[in-house]
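K.L.:
Please read through the structure below; I'll follow up with questions.
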Amino acid sequence: MDLNQIYTELIREHNKNPINKIKMLDATISEKGHNPSCGDEIILHLKVKEDTIVDASFSGIGCAISQASTSMMIDLIRGKKIDEAEKIVDIFLKMIRKEIDNKEELEKLGDAIFLKNISNMPVRVKCGVLSWHTLKIALEKVKEDN
Amino acid sequence: MKDYKADFKILKQKINGSTIAYLDNGATTQKPLQVIKAIEEYNKLYNGSPHRGAHYLSVNATKIYEDTRGKVAKFIGARNSREIIFTKNATEALNLIAYSYGMNNLNAEDEILLAITNHHSNIVPWQIIAKKTGAKIIYLDCDKNGQIYKEDIDKKINKNTKIISLSHLTNVFGMVHPIEYIIGKGREYSAITIIDGAQSVPHMKVDIGSLKPDFLVFSGHKMLASMGIGVLYGKLEKLEEMEPFLSGGDMIEYVDLYETSFHEVPYKFEAGTQNVEGVVSLSAAIDYIENIGIENIETIEEELLKYALKKLKENKYVEVYGGEDLSNRKSLLSFNVKDVHSHDVATILDNNNVAIRAGHHCAQPFIKHMGLNSTCRASFYFYNTFEDIDRLVDSLGGVRGVLGYGS
Ligand SMILES: Cc1ncc(COP(=O)(O)O)c(C=O)c1O
Chain Z
542 MDLNQIYTEL IREHNKNPIN KIKMLDATIS EKGHNPSCGD EIILHLKVKE
592 DTIVDASFSG IGCAISQAST SMMIDLIRGK KIDEAEKIVD IFLKMIRKEI
642 DNKEELEKLG DAIFLKNISN MPVRVKCGVL SWHTLKIALE KVKEDN
Chain S
950 MKDYKADFKI LKQKINGSTI AYLDNGATTQ KPLQVIKAIE EYNKLYNGSP
1000 HRGAHYLSVN ATKIYEDTRG KVAKFIGARN SREIIFTKNA TEALNLIAYS
1050 YGMNNLNAED EILLAITNHH SNIVPWQIIA KKTGAKIIYL DCDKNGQIYK
1100 EDIDKKINKN TKIISLSHLT NVFGMVHPIE YIIGKGREYS AITIIDGAQS
1150 VPHMKVDIGS LKPDFLVFSG HKMLASMGIG VLYGKLEKLE EMEPFLSGGD
1200 MIEYVDLYET SFHEVPYKFE AGTQNVEGVV SLSAAIDYIE NIGIENIETI
1250 EEELLKYALK KLKENKYVEV YGGEDLSNRK SLLSFNVKDV HSHDVATILD
1300 NNNVAIRAGH HCAQPFIKHM GLNSTCRASF YFYNTFEDID RLVDSLGGVR
1350 GVLGYGS
């Protein structure tokens, strides 16, 4: 295993300077994601207006992979419609499960495509998918309330 | 120093060109050839269902099983082999006490005193029992080094305290708790004391005869034996008055349609066909340990711990927990690397075949209490070497760089 394929420049940058890591005081939903086996704890904050995620951020503690993955995800979904965001989550989780290799689809993941390599590290997969699962749950709750 | 690794082939094998510096002995230890051979021999020559048949194999399995009960009793200084009950592991032993003793002896005014440093296996069963009985859980506090202290112990033990249960050697910071003092206090207030020896029994002399706790639990797999075999020591008079935990075959005398009379201690607590193979491994493991001498194991690990602490402190980005004083610490060190989560540290070290543990070490209340989220833990056994520690320290030197921080 080459560590540079895991801790890529991009992951390092997102981890070191997590620009999306701020508490959001006017969030419409804050969803806690928790990976008890390793102690990663993130809270995903979303501000949803009608069917659009107008803003997103996160707070909490976790390893570089979960922090970077969360930060990249937030870059991707900010400003997106709920169903678009759900589609992206779906593609991401499929990529990690190695169920997809359609280039066009994968491109929708932007930078997050570089997280692909974690699928080769079974013990770290959970760190990478934590925030995506959390987003999925949050969006389901938002839709229920709408 | 003697090359103990010669007996541990798993530590001699090469993975991608190098051996594994195995520093996760607090989680589970490796098996020497002598233990592996004993298991093989048992399966080749003696396997049978103990306590049941009249034939050669069953009689032999029974003899091995019962002889080991005596060997375990001697190993921990218990006066009577009937005080030794075989369980699956320390966790099952703690559950046995919680259900058989706690559930039947506690009520609403009673207090269960636990240390904040306890492993989940010594917290969660008590929470369940407390909910059912109405008893209250009280926690012993610890100082910044993870050690419990006298003033707090004196404050928290009172006439309502019925059960005191804590680790002898803690699994996150490696603190030897003052259990002699606690056991004495327990006696003074007629509270029963339960010592979780999962970390201590493999690494230091534990003598029931002088400590005199009511119960002691430990796991075979943390002391060279197989997974799936553990030990509960209990004072005979306590065991006699307790109800069975699991029930079924082997633990009975006479079974009527609606009533059963139970077999005597220890069989009363050993329901169903037991793990004789595990017992065989434990027997060989005790032989191996006694052959080295537990005092020698303590000395070797003292040297390793001293060396590791000194080396780790040379890296200014590494924060080691537990303080400088090693006099009441054993076998393991917890630390963090500045700016880097413990799981990233473990992944990066694994890339160099250095095996450590990262996370909350099944002690979430303690980790939170200390204001931490997780730690890295390097835990030693007598077969570790200074070279293993050098590899740990060298790998740690590269960790921050991998994540793009200055080092
Ligand atoms: C202090 C302590 N108690 C209890 C246990 C539980 O041991 P086991 O999982 O073998 O039951 C452990 C091991 O993880 C431990 O370190």
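Going down the list, the protein sequences come from chains Z and S. Heads up, our numbering is the position in the first sequence plus 541, with the first residue counted as 1. Heads up, our numbering is the position in the second sequence plus 949, with the first residue counted as 1. All C-beta atoms in this analysis are idealised placements derived from N, C-alpha and C, irrespective of residue type, glycine included.
(1) Please name the residue, chosen from S:G1083, S:N1245 and S:Y1332, that lies closest to N1109 (chain S) on a Cα-to-Cα basis.
(2) Which residues in chain Z have a C-beta closer than 7 Å to the C-beta of H1290 (chain S)? List them in chain order.
(3) List the residues of chain Z that D1205 (chain S) touches, going by C-beta distances under 7 Å, in chain order.
(4) Go ahead and label D1337 (chain S) buried or exposed: buried means 16 or more other beta carbons lie within 10 angstroms of its beta carbon, across all protein chains shown.
(5) Ligand 1 and H1068 (chain S): does the residue's C-beta get closer than 7 Å to at least one heavy atom of that ligand?
(6) What do you reckon, are the CB atoms on K1187 (chain S) and D1156 (chain S) nearer than 8 Å?
(7) Can you pull the DSSP bridge partners for L1304 (chain S)?
(8) Going along chain S in order, which residues have a C-beta closer than 7 Å to the C-beta of L544 (chain Z)?
(9) Between the Cα of E1190 (chain S) and the Cα atoms of S:V1348, S:G1051, S:N974 and S:S1030, which residue gives the shortest distance?
(10) Using alpha carbons as the reference points, say which of S:A1047, S:F1035 and S:G1158 lies closest to K1111 (chain S).
(11) Whose Cβ in chain S lies nearer than 8 Å to the Cβ of R665 (chain Z)?
(12) For L1063 (chain S) and L1118 (chain S), which I take to be in contact (beta-carbon distance under 8 Å), what is that distance rounded to the nearest angstrom?
(13) When the distance is taken between beta carbons, is I547 (chain Z) closer than 8 Å to A609 (chain Z)?
(14) Could you please tell me which residues of the segment 548–562 of chain Z, in chain order, have their CB closer than 9 Å to any CB of chain S?
(15) Would you say G1308 (chain S) reaches chain Z, if we count a Cβ-Cβ gap shorter than 8 Å as a contact?
(16) Assign R1340 (chain S) to one of three DSSP states: helix, strand, or coil.
(17) Please list the residues of the segment 1314–1328 of chain S that have a C-beta atom closer than 8 Å to any C-beta atom in chain Z, keeping them in chain order.
(18) Given that G620 (chain Z) touches chain S, what residues does it touch there, using C-beta distances under 7 Å?
(19) Just verifying my parser: in three-state terms, what is the DSSP assignment at K1217 (chain S)?
(20) Three or more beta-carbon pairs under 8 Å between the segment 983–990 of chain S and the segment 1004–1014 of chain S, yes or no?
(21) Show which residues of chain C have a CB atom less than 7 Å away from the CB atom of G580 (chain Z).
(22) To the nearest whole angstrom, what separates the beta carbons of D1293 (chain S) and L1352 (chain S), a pair I think is in contact under 8 Å?
(23) The alpha helix (DSSP H) with F633 (chain Z) in it runs from where to where?
(24) Please tell me whether, using a cut-off of 7 Å, the distance from the CB of A1147 (chain S) to the nearest non-hydrogen atom of ligand 1 is below it.
(25) Under 8 Å: do the segment 1015–1022 of chain S and the segment 1242–1255 of chain S share three or more Cβ pairs, one atom per stretch?
(26) Name the DSSP beta bridge partners of E1032 (chain S), please?
(27) Decide if Q962 (chain S) is buried, meaning its Cβ has at least 16 other Cβ atoms within 10 Å, or exposed.
(28) Would D1145 (chain S) be called buried (16 or more neighbouring beta carbons within 10 Å of its own) or exposed?
(29) Grab me the residues of Q979 (chain S)'s own chain with a C-beta within less than 7 Å of its C-beta, minus the 5 sequence neighbours each way, in chain order.
(30) Do you know offhand how far S1070 (chain S)'s Cα is from H1152 (chain S)'s?
(31) What does the alpha-carbon distance come out to for the pair L671 (chain Z) and P577 (chain Z)?
(32) What residue range does the alpha helix (DSSP H) around G1158 (chain S) cover?
(33) Following the continuous alpha helix (DSSP H) through H674 (chain Z), name the residue where it begins and the one where it ends.
(34) Determine, using beta carbons only, whether L1231 (chain S) and G1320 (chain S) come nearer to each other than 8 Å.
(35) What span of residues does the beta strand (DSSP E) with K644 (chain Z) cover, start to end?
(36) Can you give the Cα-Cα distance for K639 (chain Z) and Q1096 (chain S), rounded to whole angstroms?
P.N.:
Taking the definition as stated:
(1) S:G1083
(2) Going along chain Z in sequence order, the residues near H1290 (chain S) (Cβ under 7 Å) are G603, C604 and A605.
(3) Under the 7 Å cutoff, chain Z gives no residues; its nearest Cβ is about 46 Å from D1205 (chain S).
(4) buried
(5) yes
(6) no
(7) Contrary to the premise, residue 1304 (chain S) reads as Ala rather than Leu in this sequence. A1304 (chain S) is bridged to S:Y971.
(8) Ordered by position in chain S, the residues that pass the 7 Å Cβ test against L544 (chain Z) are I1297, N1300 and V1351.
(9) S:G1051
(10) S:A1047
(11) H1292 and T1296
(12) Actually they are not in contact, since the Cβ atoms of L1063 (chain S) and L1118 (chain S) sit about 16 Å apart, beyond 8 Å.
(13) No.
(14) Within the segment 548–562 of chain Z, Y548, E550, I552, R553, E554, N556 and K557 place their CB atoms closer than 9 Å to a CB of chain S, listed in sequence order.
(15) So, interface residue.
(16) helix
(17) I1316, N1322 and S1323
(18) Residues of chain S passing the Cβ test: none, with the nearest at roughly 28 Å.
(19) helix
(20) no
(21) No chain C appears in this structure, whose protein chains are Z and S.
(22) 6 Å
(23) I623 to I637
(24) yes
(25) no
(26) Note: E1032 (chain S) sits in no beta bridge, so no partner.
(27) By the beta-carbon neighbour count (other beta carbons within 10 angstroms, threshold 16), Q962 (chain S) is exposed.
(28) buried
(29) F957, I959, L960 and Y971
(30) S1070 (chain S) and H1152 (chain S): Cα-Cα distance of roughly 20 Å.
(31) 11 Å
(32) I1157 to L1160
(33) P663 to D686
(34) no
(35) In the DSSP assignment, K644 (chain Z) falls outside any beta strand (DSSP E) and lies within the alpha helix (DSSP H) extending over K644 to E648.
(36) 47 Å
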